[in-house]
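Using the UniProt record's numbering, you'd call the opening residue of the sequence shown number 1 and step up by one each time. See below for the structure under consideration.
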Amino acid sequence: MSGTNHCERIDATGRVVIGRRGTPVPHYGPMHVVLFGAGHVGHALVTLLGMLPCVVQWVDERDELFPDEVPPNVQIEATDTPASIVDEAPPGAYFIVMTHNHALDFELSLRIMRRRDFAWFGLIGSKTKRVKFERRLIERGVAREHMSEMTCPIGVPGIVDKAPSSIAVAVAAQLMQMRPPLGDAQHRASTPMLARV
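Listed below in structure tokens is the structure:
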């Protein structure tokens, strides 16, 4: 664009806007992330997700763990029935499970794996936890060939620090690797913006 001053920014929907007229150029669209767990890692991850092109449902049974203020793209869901949030999530959702309760982790994992329309599912835990969950999921009727759709452990490789902030960085980076271009009409249609409740 010779001889023309122009700038580039990302608007609220995650689009790159170029030019003085604000002409939108397809780039990356917002993802619908459903995050289960308001522990230390959950808090650190929400801080990062608040700066990324996504909308987040942050779910936990313990209302007292949520902060008074969250980023504008984060919706708090304090509920006694977190598993129901799995069923209510839109097609194409990105699920992250990192609760305080091993039994709840499995219940959520089973609900998620029974859906055939999610974009990505990450479960915090070790390789041993994965093996145990795989066995139990198969016993509950989830097809063995679908086990590859569960990411556990989560986070990009190479980050060995176990501090909550380090784990959050690894998980956020992995999420960003998963997001497709905004031009993918199917993905765009499957990631509606959340209304505050």
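Glycine included, every Cβ here is placed at the ideal spot set by N, Cα and C. If you're wondering where the values come from, they're calculated on a predicted model, not measured in any experiment.
Worksheet item: Would the beta-carbon of F36 fall within 8 Å of that of T99?
Response: yes
Worksheet item: Going by beta carbon distance, what residues of the same chain come within less than 6 Å of G122, once the five residues before and after it are set aside?
Response: I96, T151 and I154
Discussion item. Check whether the stretch 72–89 and the stretch 122–133 touch, using three or more Cβ-Cβ pairs below 8 Å as the test.
Written reply: no
Fill in: Identified DSSP bridge partners for H32
V55
Worksheet item: Do A38 and R62 have their C-beta atoms closer together than 8 Å?
Response: yes
Discussion item. Count Cβ pairs between the stretch 140–150 and the stretch 47–65 that sit closer than 8 Å; are there 3 or more?
Written reply: no
Practice prompt. Could you check which residue in G125, W120 and L48 has the C-alpha nearest to that of G71?
Written response: Sequence inspection shows Pro at residue 71; the Gly mentioned does not correspond to that position. Checking every option, the nearest Cα to that of P71 belongs to L48.
Discussion item. Taking the beta carbon of L137 as the centre, do at least 16 other beta carbons fall within 10 Å, making it buried, or is it exposed?
Written reply: buried
Discussion item. Considering just the uninterrupted stretch of the alpha helix (DSSP H) at V131, what are its terminal residues?
Written reply: K127 to E139
Discussion item. Rounded to whole angstroms, what is the Cα-Cα separation between Q57 and D117?
Written reply: 17 Å
Discussion item. Let me confirm a value: S109 is counted as buried when at least 16 other C-beta atoms fall within 10 Å, else exposed. Which label applies?
Written reply: buried
Item to complete: Could you check how far apart the C-beta atoms of L104 and P82 are, in whole angstroms? I think they sit under 8 Å.
Response: 7 Å
Worksheet item: Do you know offhand how far M31's Cα is from A93's?
Response: 7 Å
Item to complete: Give the range of the beta strand (DSSP E) segment to which A78 is assigned.
Response: V74 to A78
Discussion item. With the cut-off set at 8 Å, would you say residue 200 and I159 are in Cβ contact?
Written reply: Because residue 200 is not part of the residues shown, which for the chain are 1 to 197, the question remains open.
Worksheet entry | Through-space distance from I112 to P91, alpha-carbon basis | 11 Å
Worksheet item: Among residues of its own chain, excluding the 5 on either side of A170, which ones have a beta-carbon nearer than 8 Å to its beta-carbon?
Response: I154, G155, V156 and I159
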